[in-house]
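Inspection log for the structure reproduced underneath, given as structure tokens.
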Amino acid sequence: MDFIQLSHGSGGEETNKLIEELFFKYLGNEFLLQKNDATTLGKISGEIAMTTDSFVVDPIFFNGGNIGKLSICGTVNDLSVVGAIPLYLSLSLIIEEGLAINELEEIIKTISHEAMKANIKIVCGDTKVVEKGNGDKLFINTTGIGVISRNRPLGLRSIKVGDKIIISGTIGEHGAAIMNERNNLCESSLLKSDCQSLNGIIESILNSSSEIKVMRDPTRGGVITTLLEIIDASNKEMLIYEDKLPISAEVSEFSGLLGLNPLYMANEGKVIIIVSNQHAIDVLNLLRNSQEGQEATIIGEVIADGKKNLYLETIIGAKIKCFPMKGEQLPRIC
């Protein structure tokens with residue numbers, strides 16, 4: 047088995063061989079193969095959206111994906127929730143000396159596959175190698191560029207009392223899968239990351255409704271953290287219902303045993319949608335008829351009490367104020 051050596055990052059023969067036989071082999075396209083210090087993309091028609099992200103998940107392979115899949119899906123989803131069509135992506139890898147080259151190849155294959163599924167092109171990249179002990183196998187940084195040339199969310203200021211809160215499926219699966227893989231807590235293959243790109247279903251939603259107020263992907267900090275961020279920016283109040291929250295039996299049992307709350311656990315293939323009451327059922331049905339949103343649910347609504355709070359109504363009818371997460375519940379989950 048061959049392993050990454052410091053010479054793979056030196057810029058010499060080993061670097062060029064790695065680029066040609068791995069990166070260009072699986073990721074090559076008309077932009078990447080310009081082989082310049084900067085890629086020229088040509089003209090882009092429409093309003094440009096741009097995002098950047100870094101991925102440091104531990105372990106780098108997990109049930110449902112790997113760090114490569116995560117890097118593509120995470121970047122694509124960040125562009126999609128603002129109404130952008132993902133177009134281009136940069137890919138920067140920081141590799142620790144000693145990483146098996148066949149593991150790196152598997153990750154690059156996954157990146158190629160996920161990029162093609164999402165119809166986004168990798169147009170430039172960079173590779174650095176750090177000494178063993180100065181990294182953690184592999185870190186990935188991306189920058190994504192998209193174009194807004196269609197309907198897009200109306201914005202935080204358009205949120206009104208009575209608007210519904212939709213989640214596109216079961217929650218907490220990525221966080222549970224990563225913690226299980228990291229600590230070898232159980233052998234259940236049912237604890238699987240939900241990592242997936244959502245640009246296709248999001249495009250369908252935006253094309254079907256002009257009343258989408260806000261969309262967010264609830265990654266780090268989960269559903270509660272994401273809703274609290276929306277509340278803080280919109281000066282509105284929200285209520286979610288415990289008996290409406292879609293949580294799988296496996297995640298519920300797993301989090302219960304560890305004293306974790308799935309509402310704070312990471313998701314990597316779900317979207318929260320704030321939509322007008324009149325359009326909520328249509329959006330819900332569209333989601334449920336898609337592969338990505340079969341278990342979509344209306345979990346709450348926008349209310350008015352003047353206090354900028356998020357409340358959880360329990361099964362027995364008690365109303366509990368939700369607070370931001372403190373400390374690290376699940377480190378290194380994305």
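If you're matching positions, the sequence shown starts at 47 in the numbering used here and goes up one per residue.
Cβ coordinates follow ideal geometry from the N, Cα and C atoms, glycine included.
Just so you know, these numbers come straight off a predicted model, no measurement behind them.
Are the Cβ atoms of residue i and residue j separated by less than 8 Å?
{"i": "S214", "j": "V297", "result": "no"}
{"i": "F107", "j": "C380", "result": "no"}
{"i": "G208", "j": "I154", "result": "no"}
{"i": "A223", "j": "K210", "result": "no"}
{"i": "G190", "j": "P132", "result": "yes"}
{"i": "V321", "j": "I248", "result": "no"}
{"i": "V103", "j": "L116", "result": "yes"}
{"i": "V169", "j": "L273", "result": "no"}
{"i": "A95", "j": "A130", "result": "yes"}
{"i": "E142", "j": "G181", "result": "yes"}
{"i": "S138", "j": "N187", "result": "yes"}
{"i": "I147", "j": "K174", "result": "no"}
{"i": "G110", "j": "C241", "result": "yes"}
{"i": "S255", "j": "V193", "result": "no"}
{"i": "I65", "j": "L145", "result": "no"}
{"i": "N253", "j": "R196", "result": "yes"}
{"i": "S158", "j": "L73", "result": "yes"}
{"i": "I276", "j": "K354", "result": "no"}
Let me check one thing: in DSSP terms, what residues is residue i bridge-paired to?
{"i": "D172", "result": "S138"}
{"i": "I379", "result": "Looking at the DSSP assignment, I379 forms no beta bridge with any residue, so it has no partner."}
{"i": "E359", "result": "Y287, K365"}
{"i": "E347", "result": "K210, L285"}
{"i": "P132", "result": "G192"}
{"i": "K167", "result": "Y134"}
{"i": "I251", "result": "Partner(s): none; I251 has no beta bridge."}
{"i": "I320", "result": "I211, V260"}
{"i": "F77", "result": "Partner(s): none; F77 has no beta bridge."}
If you follow the beta strand (DSSP E) that residue i is part of, which residue opens it and which one closes it?
{"i": "M96", "result": "93 to 101"}
{"i": "T188", "result": "184 to 194"}
{"i": "L285", "result": "283 to 287"}
{"i": "M162", "result": "That residue, M162, is in no beta strand (DSSP E); its alpha helix (DSSP H) goes 147 to 164."}
{"i": "K210", "result": "210 to 213"}
For residue i, I'd like the list of residues in its chain whose CB is within less than 6 Å of its CB, leaving aside the five on either flank, ordered along the chain.
{"i": "S282", "result": "The question names Ser, but residue 282 in the sequence shown is Lys. Correct list, in chain order: I205, V348."}
{"i": "N123", "result": "L244, D263"}
{"i": "E341", "result": "G215, T216, P292"}
{"i": "I319", "result": "I212, M261"}
{"i": "T156", "result": "N112, G114, K115"}
{"i": "S280", "result": "L202, I205"}
{"i": "D99", "result": "G120, T121, T188"}
{"i": "E160", "result": "K115, I118"}
{"i": "E177", "result": "E143"}
If you follow the alpha helix (DSSP H) that residue i is part of, which residue opens it and which one closes it?
{"i": "M261", "result": "Note, M261: premise wrong, no alpha helix (DSSP H); beta strand (DSSP E) at 258 to 262."}
{"i": "G120", "result": "113 to 126"}
{"i": "T61", "result": "59 to 64"}
{"i": "V329", "result": "323 to 334"}
{"i": "V207", "result": "Segment: none, V207 is in no alpha helix (DSSP H) and carries neither H nor E."}
{"i": "E296", "result": "295 to 304"}
{"i": "Q70", "result": "In the sequence as displayed, the identity of residue 70 is Phe instead of Gln. F70 -> alpha helix (DSSP H) spans 70 to 73."}
{"i": "T272", "result": "268 to 280"}
{"i": "I224", "result": "219 to 229"}
Between which residues of its own chain and residue i is the CB-CB distance below 8 Å, once the five residues before and five after are set aside?
{"i": "I217", "result": "P264, G268, V269, L291, P292, I293, V297, P308, L309, M311, N313, K316"}
{"i": "R266", "result": "A312, I379, C380"}
{"i": "K365", "result": "L285, Y357, L358, E359"}
{"i": "F70", "result": "L78, L79"}
Could you name the residues of the same chain whose beta carbon sits closer than 7 Å to that of residue i, not counting the 5 residues immediately before and after it, in chain order?
{"i": "L236", "result": "E296"}
{"i": "R378", "result": "V102, V103, D104"}
{"i": "P370", "result": "T271, L274"}
{"i": "I361", "result": "E288, D289"}
{"i": "S151", "result": "First, the amino acid is wrong: residue 151 is Glu here, not Ser. Closer than 7 Å at the Cβ level, and outside the excluded window around E151, lie L68."}
{"i": "H54", "result": "E60, T61, L64, V175"}
{"i": "G339", "result": "S214, G215, I247, L333"}
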